[in-house]
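Data first, discussion second: the structure below is written as structure tokens.
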Amino acid sequence: MQCHKTILTMCFVMATVLPGSFGDLMKWNDTTYLEIPPLFHLDEWALCQRPKDVYCMVDAALISPKPSPLFDFLKEYSSNTQKHYNRTLVHRGVCISKCGAEGPETWRGAAERCLNNNLAQYGLEV
């Protein structure tokens, strides 16, 4: 037990004394984190229980319809695949009935509309 405390203390001291030694070359802070779309999000399942409601799990690749520093950051951050999740791929649970799904042939378009409505605040699409 004593050994573990010593190692943790050494890691803390080294990270404090040598900032950036163990971090990325890219800057990642709380502000950056709040400005990017969440990797995962689930619509409330209980609110999608009416007859004919459809709840889908969706994995979608992000795109940017115009030049975007945020999208460029996400691509660069995600390129370090040994260390980071792919932040250009989002995972959602979506009640697509709220976005115009009227039958199986419309589910894909409705899911896309739901995601794009959510991602508009970031200037991104799927």
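Residues -23 to -1, 1 to 103 (mature numbering (1 follows the signal peptide of the UniProt record, and there is no 0)) are what the sequence shown spells out, left to right.
Note that CB positions come from ideal geometry on N, CA and C, so glycine has one too.
Just so it is clear, the structure is predicted and the values come from calculations on it, not from any experiment.
Within the same chain, show all residues whose beta-carbon is closer than 7 angstroms to that of residue 90, passing over the 5 residues directly before and after it, in chain order. 76 and 77
List the whole-angstrom C-beta distance separating residue 48 from residue 96, where the pair is believed to meet the contact cut-off of C-beta under 8 angstroms. About 11 angstroms; that fails the 8 angstroms criterion.
Is the beta carbon of residue 67 closer than 8 angstroms to that of residue 33? no
Say whether the region 47 to 62 touches the region 12 to 21, bearing in mind that this needs 3 or more beta-carbon pairs closer than 8 angstroms, one atom from each stretch. The answer is yes - the region 12 to 21 touches the region 47 to 62, with three or more Cβ pairs under 8 angstroms.
Taking the CB atoms as reference points, tell me whether residue 31 and residue 73 lie closer together than 8 angstroms. Between residue 31 and residue 73, the gap from beta carbon to beta carbon is short of 8 angstroms.
Compare the C-beta of residue 85 with all C-beta atoms of chain D and state if any pair is closer than 8 angstroms. Absent from the structure is chain D; it holds one protein chain and no more.
Could you give the distance in angstroms between the alpha-carbon of residue 46 and the alpha-carbon of residue 40? 12 angstroms
Residues near residue 20 by beta carbon distance below 6 angstroms, same chain, minus five either side: Correct list, in chain order: 70, 71 and 72.
Residue 54: first and last residue of the uninterrupted alpha helix (DSSP H) it sits in: 46 to 55
Alpha carbon of residue 93 to alpha carbon of residue 86, nearest angstrom: 10 angstroms
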